[in-house]
């Protein structure tokens, strides 16, 4: 009798221990608990802050996409941003390396007199896509996004050197030119400054382009550079650029803004303006994916 009693006590103690120690886990990069309980670890100013997921998404949209955009475009951004943070196991920083996040005070400054209007609009987009994430063959995708393309998105391996991903491939994005008011940009450098940046001279030859029209390889003096390397070195808007020589300077003329991989925000705006919903937008820019509900 005592043996049975002790076994019951042991089982009860084990149950209580497991109950209090249990924490929701991420399985295949998907949170399996209630989304209202999800916190994102956000590193800001060398400190890690725990922020509720919905609050985080509100701040990310504020930091990453114009809230004046159509609701369906904002929904697409919300789902992409939610997916992105899950793919990073709910641990990110507050820079363009992951996603820019604005707290409430910064939102007030950014949105100014539209603060209340835009806040409610983004919260509506978050609520109406509650728990939705983008999946490819059972796992969260790497939901990359950028401001606007040059008319086509880019294969991921052409910019971020590494493995190709079947859902991050070049697709048509003709909407960008019509809807991005800063689609064309120019940046001018004096010949003297470019010579200093490239070891005393600046003799260039564009060797190859990707099918999207972005520069693959450019030779400067005796060294080859990728389009990405040139974009980063000169802080250009994109890696689709032309070089125009003037008497004492060179002008770099670019199309689009960003790396060009994944979701184009101005492309999403254009599609939304033409009547596409957020799921159609996401499935256009991320090929072969499914939108799943995280229950």
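In my numbering, the protein residues as written are 462 to 756. Each residue gets a CB set at the ideal place from its N, CA and C atoms; glycine is no exception.
Any idea what DSSP makes of residue i, helix, strand or coil?
i           : result
residue 744 : helix
residue 574 : helix
residue 445 : Given a span of 462 to 756 for the chain in the structure shown, any question on residue 445 remains unanswerable.
residue 566 : helix
residue 707 : coil
residue 489 : Because residue 489 carries a pLDDT of 36, less than 50, the predicted location of this residue cannot be relied on, and no value is offered for it.
residue 685 : strand
residue 529 : coil
residue 475 : Residue placement at residue 475 is poorly supported in this model, since its pLDDT is 39, which falls under 50; the coordinates still yield a value, given next. Looking at residue 475 - three-state DSSP - the assignment turns out to be helix.
residue 671 : coil
residue 553 : strand
residue 626 : coil
residue 483 : Because residue 483 carries a pLDDT of 32, less than 50, the predicted location of this residue cannot be relied on, and the following value inherits that uncertainty. Coil, per DSSP.
Expressed to the nearest angstrom, what Euclidean distance is found between the alpha-carbon atoms of residue i and residue j?
i           : j           : result
residue 675 : residue 509 : 37 Å
residue 724 : residue 506 : 28 Å
residue 753 : residue 592 : 8 Å
residue 645 : residue 696 : 15 Å
residue 422 : residue 567 : Because the chain in this structure spans residues 462 to 756, residue 422 falls outside the shown range and cannot be described.
residue 660 : residue 548 : 41 Å
residue 610 : residue 672 : 13 Å
residue 563 : residue 662 : 42 Å
residue 707 : residue 667 : 18 Å
residue 560 : residue 718 : 16 Å
residue 658 : residue 682 : 12 Å
residue 545 : residue 636 : 24 Å
residue 493 : residue 715 : Only weak support is given to the placement of residue 493: the predicted model assigns it a pLDDT of 44, under 50, and the value that follows is read from those uncertain coordinates. Rounded to the nearest angstrom, the two C-alpha atoms are 44 Å apart.
residue 486 : residue 621 : Annotation note: pLDDT 34 at residue 486 (below 50); position unreliable, no value reported.
residue 572 : residue 579 : 7 Å
residue 528 : residue 684 : 43 Å
Going by DSSP, name the residue or residues bridged to residue i.
i           : result
residue 513 : 500
residue 633 : 613
residue 653 : Note: residue 653 sits in no beta bridge, so no partner.
residue 536 : DSSP, once it has assigned bridges, lists no residue as partnering residue 536.
residue 712 : 649 and 705
residue 593 : 754
residue 666 : 680
So, under 8 Å CB-CB, residue i and residue j are touching, yes? Tell me the CB distance rounded to an integer number of Å.
i           : j           : result
residue 499 : residue 522 : With a Cβ gap of about 17 Å, residue 499 and residue 522 do not count as contacting.
residue 607 : residue 720 : 5 Å
residue 652 : residue 665 : The Cβ separation is near 12 Å, so there is no contact.
residue 411 : residue 638 : With the chain covering 462 to 756 only, the question about residue 411 has no answer from this structure.
residue 552 : residue 603 : Not confirmed; about 15 Å, so no contact.
residue 713 : residue 648 : 5 Å
residue 543 : residue 518 : 6 Å
residue 504 : residue 554 : 4 Å
Would you say residue i faces chain D, with C-beta separation under 7 Å as the test?
i           : result
residue 685 : Absence of chain D from the displayed structure is noted, only one protein chain being present.
Check whether the segment 624-633 touches the segment 733-741, taking contact to mean three or more Cβ pairs, one atom from each stretch, closer than 8 Å. no
Three or more C-beta pairs under 8 Å: does that hold for the segment 520-535 against the segment 729-738? yes
| message | Using a Cβ distance threshold of 8 Å, determine whether the segment 688-706 contacts the segment 578-589, with at least three qualifying pairs required. | response | no
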